[in-house]
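Only one structure is covered here, and it is reproduced in the block below.
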Amino acid sequence: MSKATKEEALLYHSSGRKGKIEVIPTKPYCTQSDLSLAYTPGVAYPCLEIEKNPDDAYLYTAKGNLVAVISNGTAVLGLGDIGTLAGKPVMEGKGLLFKVFADVDVFDIEVDEKDPDKLIEICAKIAPTFGGINLEDIKAPECFEVETRLKEMLDIPVFHDDQHGTAIISAAGLLSAIDISGKKLSDMKVVVCGAGAAANSCTRLYVALGVRRENVVMVDSKGVINTKRTDLNKYKKEWITNRDINTLAEAVNGADLFLGLSVANMLTREMLSTMAPHPIVFAMANPNPEISYEDAMETRDDLIFATGRSDYPNQINNVLGFPYIFRGALDVRAKTINEEMKLAATRALAALAKEPVPESVLKAYGLDKLEFGREYIIPKPLDPRLISRVASAVAMAAVETGVARLQIDDWDAYRKSLEKRTSEHINRISDICCLRHP
Numbered sequence: 183m184s185k186a187t188k189e190e191a192l193l194y195h196s197s198g199r200k201g202k203i204e205v206i207p208t209k210p211y212c213t214q215s216d217l218s219l220a221y222t223p224g225v226a227y228p229c230l231e232i233e234k235n236p237d238d239a240y241l242y243t244a245k246g247n248l249v250a251v252i253s254n255g256t257a258v259l260g261l262g263d264i265g266t267l268a269g270k271p272v273m274e275g276k277g278l279l280f281k282v283f284a285d286v287d288v289f290d291i292e293v294d295e296k297d298p299d300k301l302i303e304i305c306a307k308i309a310p311t312f313g314g315i316n317l318e319d320i321k322a323p324e325c326f327e328v329e330t331r332l333k334e335m336l337d338i339p340v341f342h343d344d345q346h347g348t349a350i351i352s353a354a355g356l357l358s359a360i361d362i363s364g365k366k367l368s369d370m371k372v373v374v375c376g377a378g379a380a381a382n383s384c385t386r387l388y389v390a391l392g393v394r395r396e397n398v399v400m401v402d403s404k405g406v407i408n409t410k411r412t413d414l415n416k417y418k419k420e421w422i423t424n425r426d427i428n429t430l431a432e433a434v435n436g437a438d439l440f441l442g443l444s445v446a447n448m449l450t451r452e453m454l455s456t457m458a459p460h461p462i463v464f465a466m467a468n469p470n471p472e473i474s475y476e477d478a479m480e481t482r483d484d485l486i487f488a489t490g491r492s493d494y495p496n497q498i499n500n501v502l503g504f505p506y507i508f509r510g511a512l513d514v515r516a517k518t519i520n521e522e523m524k525l526a527a528t529r530a531l532a533a534l535a536k537e538p539v540p541e542s543v544l545k546a547y548g549l550d551k552l553e554f555g556r557e558y559i560i561p562k563p564l565d566p567r568l569i570s571r572v573a574s575a576v577a578m579a580a581v582e583t584g585v586a587r588l589q590i591d592d593w594d595a596y597r598k599s600l601e602k603r604t605s606e607h608i609n610r611i612s613d614i615c616c617l618r619h620p
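Everything in the sequence shown is counted per this note's numbering, starting at 183 for the first residue and increasing by one.
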């Protein structure tokens with residue numbers, strides 16, 4: 183797969199209409215009558231209906247399909263604290279992915295505020311505009327507090343994708359990996375390299391699936407998080423181990439799973455060679471993983487390996503999750519995204535990986551064959567079945583756990599409507615791409 187160059191990326195973002203997203207009207211606007219309905223005096227009528235019944239905002243405005251992608255630019259996509267304005271291209275990109283994959287509309291909102299209390303206040307004040315909030319690229323540990331408090335304050339879904347998106351997609355890969363390797367979650371020894379937002383959320387979800395907390399060892403930049411450490415915040419203290427180990431090399435010895443959410447080259451070939459038979463390695467540092475694909479595969483032939491990169495097998499890619507999770511949550515007007523909804527998304531992704539791969543997916547990736555196994559444990563992002571499987575699983579979990587305001591009576595019809603919704607949008611996008619690249 184070809185790599186994007188600086189020149190290509192800058193041209194992509196700057197050519198034609200600047201940036202990657204726009205706002206377009208959804209109602210007629212060509213006549214005086216249209217304008218009088220869109221704005222004054224006609225607009226007064228839906229305003230008054232919403233005043234009487236706030237839920238009518240879902241009927242008369244775009245609120246129900248509108249998500250805020252909010253960031254303060256403190257932990258931007260492997261680039262660090264580059265600031266709100268420099269992070270805007272990433273937030274626009276998130277908006278593009280929401281729209282293309284799940285037909286969810288987005289306003290990207292970059293907030294120049296590092297104080298978590300003030301950031302929470304700002305988010306809460308603008309929340310009435312939206313059907314959901316996607317928090318993005320906010321550094322740990324502040325991100326935990328921001329999400330937790332906003333979820334307590336608001337009655338719309340609040341979801342920090344850097345935490346939960348990575349957790350859901352990697353957990354789906356883990357379910358596939360244990361089927362292939364014959365391991366049991368309850369017996370697995372897990373090493374987590376990194377102790378930030380994603381590491382915390384991934385580990386919690388793995389425990390919810392069946393990994394035993396006492397079998398987890400978490401390692402940060404100073405070593406193993408153990409009882410000897412006196413420099414731990416409350417989030418790291420959750421993962422203190424009683425084992426008498428101090429280094430990553432000691433932790434990895436005999437481990438079944440290495441989960442990398444740190445920086446490049448943390449896992450050496452020597453460390454990998456000491457892991458248990460049929461080891462599972464999710465090396466997700468970007469752009470360069472904790473161990474390269476080439477080094478890993480040359481070291482072990484019994485390995486199941488995944489990265490965050492698109493140019494190797496088994497990409498742990500958040501786009502497999504967040505568009506469809508919000509799609510399902512919005513469609514039933516969920517008040518929150520709870521643990522059951524996350525687990526439903528995880529299991530739906532793992533189940534889809536075991537099904538025969540459509541010809542359209544093979545064509546999109548230039549492949550002759552793709553089937554469930556060591557090099558295919560997670561669906562591909564361009565799989566058209568993702569929306570019907572994941573969004574419906576999330577919506578159903580919301581209904582079953584009582585956080586949905588709307589009920590769905592015919593789930594088959596709902597799944598078909600999801601497929602139609604995105605196929606029509608994708609066809610429009612394909613027409614645009616064909617004009618640009620005949």
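Glycine residues also receive a C-beta, built at the ideal position from the N, C-alpha and C atoms.
Remember, it's a predicted structure, so these values are computed and weren't measured experimentally.
Are residue i and residue j touching if we call contact CB-CB under 7 Å?
i: residue 573; j: residue 494; result: no
i: residue 597; j: residue 515; result: no
i: residue 370; j: residue 297; result: no
i: residue 486; j: residue 529; result: no
i: residue 377; j: residue 402; result: yes
i: residue 323; j: residue 417; result: yes
i: residue 288; j: residue 275; result: no
i: residue 372; j: residue 398; result: yes
i: residue 249; j: residue 286; result: yes
i: residue 484; j: residue 460; result: yes
i: residue 390; j: residue 345; result: no
i: residue 355; j: residue 203; result: no
i: residue 472; j: residue 442; result: yes
Can you tell me the Cα-Cα spacing of residue i and residue j, whole angstroms?
i: residue 428; j: residue 406; result: 5 Å
i: residue 481; j: residue 450; result: 10 Å
i: residue 273; j: residue 325; result: 16 Å
i: residue 358; j: residue 217; result: 54 Å
i: residue 252; j: residue 521; result: 22 Å
i: residue 605; j: residue 284; result: 10 Å
i: residue 628; j: residue 362; result: Outside the displayed span of the chain (183 to 620) sits residue 628, for which this structure offers no information.
i: residue 293; j: residue 347; result: 22 Å
i: residue 535; j: residue 468; result: 24 Å
i: residue 511; j: residue 411; result: 40 Å
i: residue 333; j: residue 550; result: 45 Å
i: residue 620; j: residue 523; result: With a pLDDT of only 43 at residue 620, under 50, the local geometry of the prediction cannot be trusted, and the value read off the model is given with reservation. Taking the straight line joining both Cα atoms gives about 41 Å.
i: residue 541; j: residue 498; result: 22 Å
i: residue 400; j: residue 261; result: 23 Å
i: residue 519; j: residue 513; result: 12 Å
i: residue 567; j: residue 426; result: 47 Å
Put residue i into one of helix, strand or coil per three-state DSSP.
i: residue 427; result: coil
i: residue 203; result: coil
i: residue 579; result: helix
i: residue 585; result: coil
i: residue 292; result: strand
i: residue 554; result: coil
i: residue 287; result: strand
i: residue 342; result: strand
i: residue 453; result: helix
i: residue 277; result: helix
i: residue 392; result: coil
i: residue 255; result: coil
i: residue 186; result: coil
i: residue 212; result: coil
i: residue 360; result: helix
Can you have a look at residue i and say buried or exposed, based on whether 16 or more other CB atoms are within 10 angstroms of its CB?
i: residue 310; result: exposed
i: residue 194; result: exposed
i: residue 421; result: buried
i: residue 188; result: exposed
i: residue 409; result: exposed
i: residue 230; result: exposed
i: residue 245; result: buried
i: residue 558; result: buried
i: residue 395; result: exposed
i: residue 579; result: buried
Could you check how far apart the C-beta atoms of residue i and residue j are, in whole angstroms? I think they sit under 8 Å.
i: residue 343; j: residue 500; result: 6 Å
i: residue 385; j: residue 321; result: Contact flag wrong, Cβ pair sits at about 18 Å.
Against chain B, does residue i count as a neighbour if the rule is that its beta carbon must be under 7 Å from one of theirs?
i: residue 241; result: You won't find chain B in this structure, because it holds only one protein chain.
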